[in-house]
Each structure stands twice: as C-alpha cells, then as structure tokens.
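K.L.:
I'd like to ask some things about the structure below.
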Amino acid sequence: MRVANALFSFFSAIGSVLGYAAGSYSSLHKIFPFTKTKACDIYCANLKSCFFISISLLLVLTAIALICVKEHVLEKDIIKESKKTKVPFFGDLILALKDLPRAMWLLLLVCALNSIAWFPFLLYDTDWMAKEVYGGKVGNILYNKGVHAGALGLMLNSIVAGVMSIVLELMARRLGGVKKLWAGSNLILATCLAMTILVTKMAQRSRRYDPNGDILPPPAGVKAGAFLVFSTLGIPLAVSLSFISFFN
C-alpha cells in the first residue's frame with residue numbers, strides 16, 4: 736500500500752509537470768488551429784487545446800486499462816447475497832465516529848486544517864503571482880506574464896513533489912517515524928504560506944515603472960523568492976498525497 740501510494744503521488748506529479756508545462760507554452764494552440772477564433776483569443780485557444788489533449792489521453796489510457804487489466808468475475812451466489820444484505824452506511828459511519836479515540840479526532844482535525852490551508856493557494860496561486868508579484872491587472876500583458884510565471888512555479892512545485900514522493904519512505908525511517916515527517920511537512924506548509932506575505936511586500940517595495948508609467952515585471956530577486964515558495968511547497972504536497980498509506 737505504501738509503495739502504491741508513493742507511485743500514485745509520483746505519477747500525479749509527472750502529470751502535473753506536463754500539464755503546467757503545457758499551460759506555460761503560449762503556442763500550444765497551433766497544434767489545433769481551429770481552436771482560435773474571433774471570440775476566442777490565444778489564451779482561450781491554448782486552454783481548449785489542453786482540454787483536447789487531456790481528453791485524448793484519458794480515452795487512450797482508459798482503453799489500455801480496460802484491455803490490459805483483468806477483472807475478477809463474481810459468482811452468481813455472491814451477487815445474490817450482496818443484493819439481499821442492506822448496507823446501513825450512515826448508521827455505521829456515525830457509530831464509527833462515536834467510537835473513535837481522541838488521537839484520531841486530533842488527526843482528522845489536522846487533516847481538515849491542512850486541506851483548508853491548501854485550498855486558497857491551489858485556487859489563487861497563479862492569480863497571486865500575476866496580481867501581487869507582477870502587479871498586473873486582469874486582461875493586460877503583465878497579468879498574462881504573471882500567470883505564465885505562476886504556471887512555471889506550479890511546474891517546479893510538481894517536480895519537487897515527484898522527487899519527494901520517491902524518497903518519502905526513506906525519509907520517514909531516517910526521521911524516526913511518520914509523525915515527525917508529517918509534523919515537519921505541516922510546519923513547512925505554514926512557513927511557505929507566511930512567506931507569500933513577505934514576497935508580496937518585497938514586490939510592492941521594488942515596483943518599477945517605465946517612462947509611460949506602466950508597471951515593469953518584478954526584479955529577479957522577487958521572482959526567485961516566489962519560485963522558491965512554489966518549489967518548497969512541493970514537499971508538503973507530496974506528504975499530503977502519500978501520508979495516508981503510512982498510517983495503514
């Protein structure tokens with residue numbers, strides 16, 4: 736189970752790397768020229784091209800799985816018995832929650848807080864890069880550059896997550912247990928989310944303008960800080976995707 740979860744995390748990271756790389760490539764729509772129309776500009780066409788590629792991959796991989804993976808056929812007696820017995824799902828769930836020890840309630844609370852912490856970053860990460868770091872506004876060139884930079888940051892995030900998913904088992908042993916590894920990853924997550932405030936302040940203080948009064952892209956140091964935050968967040972992301980198997 737641990738190896739399977741680590742492989743799931745690893746290949747999820749590979750898929751994310753390829754997806755974010757495609758998102759940061761501005762000429763992707765040339766593969767499907769019909770996606771660009773008067774009502775759909777380059778960025779819209781690139782998004783539609785990503786959809787076409789993902790649909791094609793899903794169809795191919797699903798077909799391979801259906802052809803290659805053999806399914807265990809259930810006997811008729813087993814099917815009849817399963818139809819007769821009713822599964823009181825919600826009742827069993829409530830009883831299981833009542834019988835949970837205090838340690839499990841704390842574990843569930845940490846999982847919930849961890850998900851809450853991830854939600855805003857995963858939802859607004861490219862928008863944060865485009866607005867706060869690059870200083871762009873929705874629709875202008877600087878905002879689009881910031882979104883592309885955010886996609887590059889997410890690609891770095893996925894690369895780090897993929898590497899970490901391979902060495903998680905070894906790190907858990909070296910650190911003396913899964914609890915220390917998970918606690919450390921949550922501390923890294925909290926630190927990186929706090930660092931987004933610092934990067935935003937640095938970007939605002941170092942804001943530069945051209946002779947026409949338009950905002951210029953941020954200096955290299957600010958972009959490096961933002962990319963460092965994206966990359967470091969790959970560590971807790973890999974742990975979050977894989978830690979469930981360590982508790983089994």
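The sequence shown maps to residues 736 to 983 in my numbering. Yeah, the Cβ is synthetic: ideal placement off N, Cα and C, and Gly gets one too.
Where does Y944 sit, in a helix, a strand or coil, going by DSSP?
P.N.:
It is a strand residue.
K.L.:
What do you get for L742, buried or exposed, if any count of 16 or more other CB atoms within 10 angstroms of its CB means buried?
P.N.:
The residue is exposed, with fewer than 16 neighbouring Cβ atoms inside 10 Å.
K.L.:
Considering only residues of the same chain and omitting the five flanking positions on each side of L889, which have a CB-CB separation below 6 Å?
P.N.:
Closer than 6 Å at Cβ, skipping near neighbours: Y755.
K.L.:
Could you give the distance in angstroms between the alpha-carbon of I749 and the alpha-carbon of S893?
P.N.:
Spanning the two alpha carbons is a distance of roughly 7 Å.
K.L.:
For P971, which residues of its own chain have a beta-carbon under 6 Å away from its beta-carbon, when the five flanking residues on both sides are left out?
P.N.:
Within the same chain, P971 has close Cβ partners S920, I923 and L924.
K.L.:
Can you name, in chain order, every residue of its own chain whose Cβ lies under 6 Å from the Cβ of T770, other than the five neighbours on each side?
P.N.:
H764, A780, K783 and S784, listed in sequence order.
K.L.:
Which word fits L843, buried or exposed, when buried means at least 16 other C-beta atoms lie within 10 angstroms of its C-beta?
P.N.:
It counts as exposed.
K.L.:
Which stretch, first to last residue, makes up the alpha helix (DSSP H) that contains D949?
P.N.:
Taken as a continuous stretch (DSSP letters only), D949 belongs to no alpha helix (DSSP H), as it is neither H nor E.
K.L.:
Ordered along the chain, which non-local residues of its own chain (more than five positions away) have a Cβ less than 7 Å from that of T931?
P.N.:
So the list reads W863 and V964, once near-sequence residues are dropped.
K.L.:
Of all the options M937, P953 and T935, which has the alpha carbon lying nearest to the alpha carbon of R943?
P.N.:
That would be P953, whose Cα lies nearest to the Cα of R943.
K.L.:
Compare the C-alpha of S900 against each of V808, S975 and F787 and name the closest.
P.N.:
It is S975.
K.L.:
Is it true that the CB of L891 sits closer than 8 Å to the CB of F962?
P.N.:
Their beta carbons are under 8 Å apart, which means F962 touches L891 by this criterion.
K.L.:
Apply the 10 Å Cβ neighbour rule to V795 and answer buried if 16 or more other Cβ atoms are within range, or exposed otherwise.
P.N.:
With fewer than 16 other Cβ atoms within 10 Å, it is exposed.
K.L.:
How many whole angstroms separate the CB atoms of A896 and S744, which I take to be in contact at a CB cut-off of 8 Å?
P.N.:
The pair is a contact, with the Cβ atoms about 7 Å apart (cut-off 8 Å).
K.L.:
Look up N983 in the DSSP assignment and say whether it is helix, strand or coil.
P.N.:
Any reading at N983 must be qualified, since the residue scores a pLDDT of 47, below 50, and its modelled position is unreliable; the value itself is stated next. Coil, per DSSP.
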